[in-house]
Amino acid sequence: MEFNDVIMSRRSIRKYLDKQVSEEDLQKMIEAAILAPSWKNSQVTRYYIAKSHEVFQQVKEALPEFNQNNAENASVLIISTIVLNRSGFERDGTPSNELGNGWGYYDCGMHNMNLVLKATELGLSTLVMGIRDAQKIKNIFDIPDNQSVVSVIAVGYSDFHPDMPKRKCVEDITTIR
Ligand SMILES: Cc1cc2nc3c(=O)[nH]c(=O)nc-3n(C[C@H](O)[C@H](O)[C@H](O)COP(=O)(O)O)c2cc1C
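Be aware that the sequence shown starts at 3, since it is given in my numbering, and climbs by one per residue.
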């Protein structure tokens, strides 16, 4: 698949077929995520995958009702977290600039973008969900206190491909001097 086709065809999918994603494809998605750039190569993103029926249901319950419906029939739910106070920080623990842990979240977004684009290339669909109960998810996976839960990403096979929501144009978001 051409790169442009990948970025044009990726959509947030809120309706999935009842079909499992292979372990091999999951592996490829995480490998793609790992290739993303990060602050001083600190690689603070971590993934927790809800795959078994039991854990999938538990994570689903950490989503509000509309996201539970959006993720219905997805094959897996991938939780992304960051290890806090590393990306964007000096060795002595002081923030390198005003963004502090913002850089860890920035890195995580880059990881996740690689992950969802790889999924698209593999013929899979995704939905990034930021509306979720972080504490419930931490309890399910025993995620340590030095990590912050970021998103839940539904992955599966699309049952409906929506049109692209309207985008801003280059002039709307760019200043060149
Ligand atoms: C950080 C982030 C959080 C999001 N959270 C949700 C969410 O909780 N529920 C949902 O249905 N969509 C969520 N979305 C999907 C956006 O609504 C979607 O990306 C946007 O409308 C553009 O559509 P597209 O992804 O098909 O291009 C989220 C996307 C991002 C990047």
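Ideal placement from N, C-alpha and C gives every residue a C-beta, glycine not left out.
- With a 10 Å radius around the Cβ and a threshold of 16 neighbouring Cβ atoms, PHE91 comes out buried.
- Under DSSP, no beta-bridge partner is assigned to PHE5.
- Note on geometry: alpha-carbon atoms of ILE178 and ARG169 lie some 20 Å from one another.
- DSSP, reduced to helix, strand and coil, places ALA52 within a strand of the structure shown.
- Around the Cβ of SER24, a 10 Å sphere holds fewer than 16 other Cβ atoms; the residue is exposed.
- Distance between ILE36 and ALA52, taken at the CA atoms: about 19 Å.
- In the DSSP assignment, PHE91 forms a beta bridge with PRO97.
- Closest in C-alpha terms to ARG16, from the list LEU79, LYS30, GLU56 and ILE32, comes LEU79.
- For LEU28, the enclosing alpha helix (DSSP H) stretches over residues 25-36.
- In the three-state reduction of the DSSP assignment, THR122 falls in the helix class.
- Taking C-alpha positions only, ALA121 is separated from THR128 by approximately 7 Å.
- Taking the C-beta atoms as reference points, ILE175 is found no nearer than 9 Å to PRO66.
- Collapsing the DSSP output to three states places MET115 in a helix.
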